[in-house]
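Note that our numbering has the sequence shown beginning at 1, numbered continuously upward.
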Amino acid sequence: MATDNKLRHVTSMLELPSPADQNSALHAVILGEALASEENDLVFPSDEFARQAHVSSPQQYLEMYKRSVEDPAGFWSDIASQFYWKKKWDQPACSENFDFRKGNISIQWFKGGLTNICYNCLDRNIESGNADKIAIYWEGNDPGFEDSLTYSQLLDRVCQLSNYLKDVGVKKGDAVVIYLPMLMELPIAMLACARIGAVHSVVFAGFSSESLAQRIVDCKPKVVITCNAVKRGAKAIHLKDIVDAALAESAKNGISVDVCLTYENQTALKREGTKWQEGRDVWWQDFVPKYPTTCEVEWVDAEDPLFLLYTSGSTGKPKGVLHTTGGYMVYSATTFKYAFDYKPSDVYWCTADCGWITGHSYVTYGPMLNGASVVVFEGTPTYPDAGRCWDIVDKFKVSIFYTAPTLVRSLMRESDEHVTRYSRKSLRVLGSVGEPINPSAWRWFFNVVGDSRCPISDTWWQTETGGFMITPLPGAWPQKPGSATFPFFGVQPVIVDEKGVEIEGECNGYLCLKSSWPGAFRTLYGDHERYETTYFKPFAGYYFTGDGCRRDKNGYHWLTGRVDDVINVSGHRIGTAEVESALVSHPKCAEAAVVGVEHEVKGQGIYAFVTLAEGEPYSEELRKSLILTVRKQIGAFAAPDKIHWAPGLPKTRSGKIMRRILRKIASKQLDELGDTSTLAEPQVVEQLIELADC
Ligand code: ATP
Ligand code: MG
């Protein structure tokens with residue numbers, strides 16, 4: 001019976017036709033327009049795709065999934081055995097306490113096993129014949145600047161830096177802060193730390209000196225690795241100045257850093273004129289290349305920390321998420337392989353920066369553990385024009401392209417010609433992450449970018465989860481645009497009501513996870529209590545994700561946004577994602593963000609910020625037509641009470657809409673906007689305030 005319970009939320013998919021059973025005329029056809037609701041909107045992988053996929057039918061998935069939840073230790077041990085372990089873990093492979101009522105929360109995978117993730121990414125792949133395979137294709141900000149490294153060249157560079165770090169006194173367990181743009185030196189620095197057992201903390205190189213200082217004070221690194229400058233679009237940004245300010249600020253808080261290793265990023269700026277603190281600042285190029293290209297591996301326990309990474313801060317003060325080595329290694333590699341149906345001949349490009357978890361798990365570790373060729377892009381996807389992504393795709397013959405809904409929406413605003421003038425025929429699989437992808441953005445991505453032949457993996461996960469949690473396996477089952485579909489192996493999502501009671505079947509509620517998975521984070525750095533309070537106390541016995549989720553009649557999961565953002569209109573609980581998707585489906589709407597505001601009669605009313613497609617003028621008629629679209633698609637109860645024209649939306653630097661600021665603007669609490677330093681473009685806030693009464 002326990003088994004049935006575990007499988008209940010996925011077995012309903014069996015009632016769906018398997019992709020292989022479909023009449024081929026149906027394949028890759030979007031039935032959306034013809035059907036009543038998006039829930040019935042099925043998009044099938046082609047026969048050809050399904051046949052070659054790692055998992056090619058719901059039945060095959062279910063067999064694997066069943067084992068993964070009935071015997072997690074056995075399932076993951078078999079996969080872990082494909083990696084190199086200096087010493088195998090002690091049994092059992094997993095031990096956990098997921099219930100705070102039984103004592104401290106603790107999660108351990110492969111404890112006692114000795115391994116090294118850098119060894120598994122590089123040496124292991126080189127030994128198995130991939131020495132001359134390209135590990136990184138690098139594309140600079142300005143077209144024409146490019147570089148590449150094979151796996152063996154990458155290992156040489158990593159070893160030189162590892163040796164340098166050891167020489168300046170970095171030891172196993174020491175923290176190293178990396179504040180670099182997307183140069184090849186960024187993954188090199190991550191891998192070099194991992195090789196010697198140092199704990200890296202990458203800080204996105206768009207953060208201000210205050211944010212960087214905050215993180216330096218929190219993790220007290222021996223070394224900070226940065227570069228003199230970076231070009232973003234046409235502008236050169238002096239990163240070293242930001243680091244100097246952050247180090248001065250940290251020193252005031254009693255934290256002084258021994259070494260600031262600075263890479264001279266010549267494509268942006270020559271070193272002359274860089275402010276320098278003798279004794280602390282060191283040019284990378286003057287020292288690192290002199291070190292030997294071999295470096296012994298530090299074998300670490302599976303549960304030794306690998307990295308510390310702060311969440312993107314959409315909902316408040318960032319949390320220092322700590323990941324350990326063994327479980328994270330196995331999980332990031334396995335999720336990468338299955339969710340993108342990765343094959344050794346693929347060329348893979350993820351547009352995320354290594355400053356976010358996506359860049360950790362799916363630019364560096366996941367792909368390199370699989371021996372993949374990875375594109376690392378320094379620039380912005382719309383520079384010099386909106387066709388840049390497809391130019392890069394054609395140039396490197398990218399076959400797997402992984403990005404965020406915010407980029408998809410911004411490219412949709414521009415003419416399709418930016419896409420269609422490139423061939424894109426190498427593309428095979430597309431991916432999305434970061435926010436729910438609106439069905440209309442999904443369709444544009446699928447039809448225009450993927451020429452209606454590439455499945456889209458809409459991957460739901462978090463910094464905390466280390467890897468994908470709910471995601472399509474692209475050849476295994478039909479997709480529904482806007483749904484992240486089903487749980488990955490070993491993941492048991494449950495939807496609970498306000499009291500924490502699990503709800504069965506079709507439902508809507510709080511998304512929780514039952515029992516651990518290897519990639520789970522182990523603590524919040526230096527604050528285990530906050531870890532327990534934030535994630536494990538809201539619903540006893542579960543990990544609480546903070547997100548809302550709806551499960552439909554076929555068992556598909558639809559993320560409805562963060563539960564703090566859920567709007568309660570006259571007793572109807574409405575997810576922000578649903579109203580936003582309805583608005584974005586209007587042909588003249590490029591982007592939308594909705595928040596709740598106090599309403600005398602309804603309790604809460606819906607307040608919508610709307611960005612129009614390029615060149616569309618604001619008008620009363622358009623306002624009415626937008627409201628009508630929501631009424632038609634969701635119902636009169638979800639109709640926005642107010643449409644606020646927005647030339648842009650406040651977003652985190654990872655591209656997510658920051659609704660807490662919009663809530664303050666909507667309720668006119670302008671003196672309570674709070675910390676706006678993590679915003680990508682803080683000036684957007686002023687523009688919005690000016691347009692409040694238009
Ligand atoms: P903070 O926790 O500091 O507020 P954050 O949650 O934005 O920041 P991340 O860990 O980068 O930081 O983001 C994870 C969140 O992003 C998820 O909890 C979810 O809300 C959203 N998300 C990510 N991928 C998807 C997806 N495919 N569909 C829907 N939502 C997604
Ligand atoms: Mg979060």
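The C-beta atom is built at its ideal place from N, Cα and C for all residues, glycine as well.
> Would you say the beta carbon of Thr324 comes nearer than 7 Å to a heavy atom of the ligand MG?
Replying inline: no
> Out of curiosity, what's the CA-to-CA distance linking Tyr338 and Ile357?
Replying inline: 18 Å
> Whose CA, out of Glu48, Lys66, Ile627, Thr523, lies closest to the CA of Gly320?
Replying inline: Thr523
>> Output needed for Cys507: all residues of its chain with C-beta closer than 8 Å, excluding positions within five of it in sequence on either side, in chain order.
In response: Annotation for Cys507: Ile495, Arg550, Arg551 place their beta carbon closer than 8 Å to its own, counting only its chain and skipping 5 residues before and after.
> Can you give the beta carbon distance from Trp138 to Ser148, rounded, assuming they're within the 8 Å contact cut?
Replying inline: 6 Å
>> Can you list, in chain order, the residues of its chain with a C-beta nearer than 6 Å to that of Thr696? Leave out the 5 residues immediately preceding and following it.
In response: Look at the range of the chain in this structure, 1 to 694, and you will see that residue 696 is not part of it.
> If you measure from the CB of Glu435, is any heavy atom of the ligand ATP nearer than 7 Å?
Replying inline: yes
> When you compare only the Cα positions, how much space is there between Gly467 and Thr678?
Replying inline: 24 Å
> Which first and last residues belong to the beta strand (DSSP E) in which Tyr556 is found?
Replying inline: Counting along the chain, Tyr556 falls outside any beta strand (DSSP E), and DSSP gives it neither H nor E.
> In whole angstroms, what is the alpha-carbon distance linking Glu672 and Arg663?
Replying inline: 10 Å
> Would you call Gly482 buried or exposed, if buried means 16 or more other Cβ atoms sit within 10 Å of its Cβ?
Replying inline: buried
>> Distance check for Val376 and Met184, CA to CA, integer angstroms please.
In response: 7 Å
> Is it right to say Ser619 is buried, meaning 16 or more other beta carbons lie within 10 angstroms of its own, or is it exposed?
Replying inline: exposed
>> Give me, in chain order, the residues of the same chain whose beta-carbon lies closer than 7 Å to that of Lys588; leave out the 5 immediate sequence neighbours on both sides.
In response: Leu612, Ala613, Glu616, Leu622
> Does the ligand ATP have even one heavy atom less than 7 Å from the beta-carbon of Arg631?
Replying inline: no
>> Can you tell me where the beta strand (DSSP E) holding Arg573 begins and where it ends?
In response: 572-574
> Can you give the Cα-Cα distance for Asp341 and His54, rounded to whole angstroms?
Replying inline: Whole-angstrom Cα-Cα distance: 6 Å.
>> For Ala302, tell me which candidate among His528, Thr311, Phe521, Ile225 has the shortest Cα-Cα distance.
In response: Phe521
>> Just list the residues that DSSP pairs Gln82 with in beta bridges.
In response: DSSP output for Gln82 lists no bridge partner at all.
> Taking the Cβ atom as the reference point for each residue, do Ser585 and Ser452 lie within a distance shorter than 8 Å?
Replying inline: no
> Just curious, the alpha helix (DSSP H) that Asn163 is in, first and last residue?
Replying inline: Per DSSP, Asn163 belongs to the alpha helix (DSSP H) from 151-167.
> Under 8 Å between the Cβ atoms of Val695 and Val223?
Replying inline: The chain is shown only over 1 to 694; residue 695 falls outside these bounds and no answer can be derived.
> On the three-state DSSP scale, how would you describe Leu688?
Replying inline: helix
>> Quick check: the Cα distance between Val685 and Gln604, rounded to an integer number of angstroms?
In response: About 23 Å.
>> When you compare the CB positions of Tyr331 and Pro518, do they come within less than 8 Å of one another, or not?
In response: yes
> When the Cα atoms are used, what is the spatial distance from Thr294 to Asn116?
Replying inline: 15 Å
>> In this structure, how does DSSP classify Trp477 when only helix, strand and coil are distinguished?
In response: The answer is coil: DSSP assigns Trp477 none of H, G, I, E or B.
> What are the boundary residues of the alpha helix (DSSP H) that Ser250 is part of?
Replying inline: 239-252
> So is the beta-carbon of Gly546 under 7 Å away from any non-hydrogen atom of the ligand MG?
Replying inline: yes
>> Just verifying my parser: in three-state terms, what is the DSSP assignment at Leu308?
In response: For Leu308, the secondary structure class from DSSP, reduced to helix, strand or coil, is strand.
> Using a Cβ-Cβ cut-off of 7 Å (strictly less than) and excluding sequence neighbours within five positions of Lys133, which residues of its own chain qualify?
Replying inline: Thr150, Tyr151, Gly371, Ser373
> Beta-carbon separation of Glu249 and Ala213 under 8 Å?
Replying inline: yes
> For Asp21, which three-state DSSP category applies?
Replying inline: Residue confidence for Asp21 is low, a pLDDT of 43 falling below 50, so the modelled location carries little weight and cannot support an answer.
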